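From first to last, the protein sequence lines are chains A and B. Residue numbering for the first sequence follows the working numbering, beginning at 1 and increasing consecutively. Residue numbering for the second sequence follows the working numbering, beginning at 1001 and increasing consecutively. Here a beta-carbon is modelled for each residue, glycine too, at the ideal position from N, C-alpha and C. Note that the structure is predicted; figures quoted are calculated from it, not measured. Okay, structure first, notes after.
Protein chains: 2
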Amino acid sequence: MLAQRLIERKRDGGRLEAGEWRALTLAYAAGHVPDYQMAAFLMACFLRGLDREETSALTEAMLDSGDRLALADLGVARVDKHSTGGVGDKVSLVLAPLIASLGVAVPMMSGRGLGHTGGTLDKLESIPGFRTSLTLAEARTQLAAIGCVLIGQTKEIAPADRKMYALRDATATVESIPLIAASIMSKKLAEDLTGLVIDIKRGSGSFLPRLEQELELAETMIRLGADHGCPVVALLTAMDRPLGRACGNALEVEEAILTLKGEGPPDLLEVTYALGVEMLLIAGTAASPDDARRQMEKAIGTGKAAEHFQRIIEAQGGNPGVVEDPAALPQAAECELFNSPRRGFVARVEPRAIGRGIIALGGGRTKMEDRVDPSVGFVITARPGDWVEHGEPLATIFAHDRAGVESGKHALRLAIIIGDEADPPLPLVSHRVSGSGVELVPRP
Amino acid sequence: MLAQRLIERKRDGGRLEAGEWRALTLAYAAGHVPDYQMAAFLMACFLRGLDREETSALTEAMLDSGDRLALADLGVARVDKHSTGGVGDKVSLVLAPLIASLGVAVPMMSGRGLGHTGGTLDKLESIPGFRTSLTLAEARTQLAAIGCVLIGQTKEIAPADRKMYALRDATATVESIPLIAASIMSKKLAEDLTGLVIDIKRGSGSFLPRLEQELELAETMIRLGADHGCPVVALLTAMDRPLGRACGNALEVEEAILTLKGEGPPDLLEVTYALGVEMLLIAGTAASPDDARRQMEKAIGTGKAAEHFQRIIEAQGGNPGVVEDPAALPQAAECELFNSPRRGFVARVEPRAIGRGIIALGGGRTKMEDRVDPSVGFVITARPGDWVEHGEPLATIFAHDRAGVESGKHALRLAIIIGDEADPPLPLVSHRVSGSGVELVPRP
């Protein structure tokens, strides 16, 4: 009866009190409210919206449906980075060891890939032996020992969010900014952070198509953080083309390792540094952006960052040898160059088409139950704006078999557009949003 | 995947094609679309609306999910009456035998009471032995024999509607005019009617609070009828107080029998005649409203209408003796007068409060699974506008035991308001809506 009344009220544009959000969320998590009532309620939320207090109350209710880390006694700042997801986005794999090597604890909880976007967990699990499903107690011990842990949303963390997210995924109620923000923040707050940096992707490969929605999401998360004592800063970064060159799980781990060794592609490095600067500033361990940048360059230059990744991999049961020798990662049976069908400018490299191509190769998911082949994917060397000759290599396809190579070619023909002119790509980092407002980020 | 895309489209304010309504509805009826997806879809429908073609397509899809009667070979007009529901509304019990006794076939499919409104099936089942769950084949045979059948929605008729209605009831998506209209019409069209008369209740006891919604429902049903070759006429009638005096299942059957014998309360008779006029006109068996009225008065005056009720009861397994001797109906163990607490005008008799009082006595339902006690209820002799003295009887309470009498008194104290002045009640029949538009009905 409770659920019925709350559905009605939200349906009619009303609001729920904090206690009602709590009661409904916990009753749903406990199975006392059936999926169909929650589905109707979520659609009403999608169409009617939630105000700031409601979003905050939902976040807290989901947070309180499970356990959380208690990390204050570590005696160091705890900062995580969250990305709204894209193609080729292996920034977490670089940032987590890099920032942890600089004395800031990074309790990083990530997700799996779904649809065209990849997921950090899938990438990590391409490292032989790597375990992402740690208990909270194990995570705590590892954080105390090496300052970083890379895990999935455990069953203990925000189970109400877990259940509600799966339902939203099946009922076309995902793309609601307050619901997205509450879902992300309920998990992030469970990490007991002292600060959070968010990478909000822009452009055709991002899940929010319009700039005003991206800014609204940033502002919603910043307010939610402020309501719960966790400062949040967001950067808007480009996802009108893949980030870096490698797209595919093991290929991206390899590129992340190269980047930790100072050999990464410039766009990946720029986005990583921009987000890393925010993490170190929010942690209070850098005096200025320049100082933060110098600290990171040094950690990479001295090999400290790469070494920290080895320690993390080892701690989580993976083969640390992949850092020395990425050939220890799963290797695709077939690989073949993809050459330009004509001369001209690389007009576009469409992230969604690349993401669909990875799914076609077996390296992505259309449903949560799908298994992924970690070895497949693309390494795309052509960048929007490049001039290319007919027959010049644009990318390499990594596939399980010849049929995979053909489907990869098909995907790349759709994804990489060669034309007589190239639109200017989005700036890699365009906006910085914090509690003090929105700033445009100058191009480097 | 289909459901997901259709939910998204409706969510975003788009429309579904007829084939999509059909596919979604049949997939849901077959269990291929889960309740939670349909619940999200129905909430999107509730908030975004359906246009005329969509409402028509949904109606047809629900109709086609089951079987239907084929009655053209009966060689007579087939007319049903549907009411949006109220308190004390026993019009169907009078009209069905009355109109059938005049040579028009009445294949009447009714529902059960829920919340404050009563249901014709519950009333009929208070007649000892009366069976409302006939198969379509049995219904057809009885129609051919005696021109009338009084049944519930069989499992064969519009199963998609049945399933969807139960879901709407649990997800706060009932009060949507296109969904209501499609639900009613999918069942009515299965009766293979040549015409349908709708009684749309107005006032505090009706489920649609505003006149414009009542007119919109009327117009939606008229258009749906027109789209499917079934002329529809609607009358808007008063439900700011109970209709007639008896409220409660067996009590209402008794009052209906009295009315069929010419001894019914004037308000019940007036509404019955107004709807009956429309039924006979739409059937083409009366030359004018006056002719229709005279035919009905004669059927009642000669005993033909009451006798027809006996034949229907007998055909459906009930004890036809109740028509001669209503004492054969279930009798309450306790009955007690309820007297006016003060002198003054009867300002209001609140139907919802009366309906809740019947539920408290055990004669109504809050959930579909609840069993009802047919014997309990109220006979309310006080009418809005009456002048009453302190201690003058206003009603009689019929209860299972003394505790019931007390709960009945409590309900009547809330329901019957005595004041220093009385607001004018709504006209019994206020509007007539047909394919040619809305007319105000002059007061008699």
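- Spatial neighbours of A:E278 in its own chain (CB-CB distance under 7 angstroms, excluding positions within 5 residues in sequence) are listed in chain order as V197, V233, L235.
- With a minimum length of 4 residues, the unbroken runs of alpha helix (DSSP H) contained wholly in the segment 1012-1054 of chain B fall at 1018-1029, 1035-1048.
- The Cβ atoms of B:T1259 and B:V1094 sit closer than 9 angstroms to each other.
- Exclusion of the five residues before and after B:E1350 leaves A1415 as the residues of its chain whose Cβ lies within less than 6 angstroms of its Cβ.
- With a threshold of 9 angstroms between beta carbons, A:D35 makes contact with chain B.
- Counting other Cβ atoms within 10 Å of its Cβ, A:H410 stays below 16 and is therefore classed as exposed.
- Using a Cβ-Cβ cut-off of 7 angstroms, B:F1046 is close to R11 of chain A, given in chain order.
- Remark: three or more beta-carbon pairs, one from each stretch, lie closer than 8 angstroms, so the segment 1165-1181 of chain B and the segment 1050-1060 of chain B are flagged as touching.
- Secondary structure of A:V253 (DSSP, three-state): helix.
- Under the three-state reduction of DSSP output, A:M185 falls in the helix class.
- Looking at the backbone, the Cα of A:G113 and that of A:V372 are separated by about 9 angstroms.
- Residues M1062, L1063, S1065, G1066, S1186, K1187, A1190 of the same chain have their beta carbon placed closer than 7 angstroms to that of B:A1158, with the five preceding and five following residues left out of the count.
- Contacts between B:I1007 and chain A, judged by CB atoms closer than 7 angstroms, involve T171, A172 in chain order.
- Secondary structure at A:T194: coil, using DSSP grouped into helix, strand and coil.
- Contact fails between the segment 346-366 of chain A and the segment 208-219 of chain A, because fewer than three Cβ pairs, one in each stretch, are under 8 angstroms apart.
- Straight-line measurement puts the Cα of A:E20 at about 41 angstroms from the Cα of A:P97.
- A contact is defined here as three or more CB-CB pairs under 8 angstroms, and the segment 114-132 of chain A meets this definition with respect to the segment 250-257 of chain A.
- Of the other Cβ atoms in all chains shown, 16 or more fall within 10 Å of the Cβ of A:P384; this residue is therefore buried.
- In the displayed model, A:P330 falls within coil according to three-state DSSP, outside both helix and strand.
- At a beta-carbon threshold of 8 angstroms, the residues of chain A lying near B:A1040 are A39, A40, L42, M43, T171, A172, T173, ordered along the chain.
- The beta carbon of A:Q4 falls within 9 angstroms of a beta carbon belonging to chain B, placing the residue at that interface.
- Taking C-beta separations shorter than 6 angstroms and ignoring five residues to either side along the sequence, the partners of A:A246 in its chain run E252, E255, V379, following chain order.
- Put simply, of A:T285, A:D192, A:T237, A:V271 the residue whose alpha carbon is nearest the alpha carbon of A:M108 is A:D192.
- Going by DSSP, B:A1411 is part of the alpha helix (DSSP H) stretching over 1402-1415.
- When the beta-carbon positions are compared, B:H1390 and B:P1444 stay at least 9 angstroms from each other.
- At least one beta carbon of chain B lies nearer than 9 angstroms to the beta carbon of A:L167.
- In the structure shown, A:H116 falls within a coil segment according to DSSP collapsed to helix, strand and coil.
- Annotation for A:S83: the continuous beta strand (DSSP E) segment containing it runs 79-83.
- Separation of B:A1100 and B:P1265 (C-alpha to C-alpha, rounded to the nearest whole angstrom) is 22 angstroms.
- Rounded to the nearest whole angstrom, the CA to CA distance from A:T302 to A:G205 is 35 angstroms.
- Nearest to A:R11 by C-alpha distance, out of B:T1025, B:I1418, B:A1040, is B:A1040.
- Spanning the alpha carbons of B:R1009 and A:L268 requires a straight line of approximately 36 angstroms.
- With contact defined as three or more Cβ pairs closer than 8 angstroms, the segment 1397-1412 of chain B and the segment 1324-1344 of chain B are in contact.
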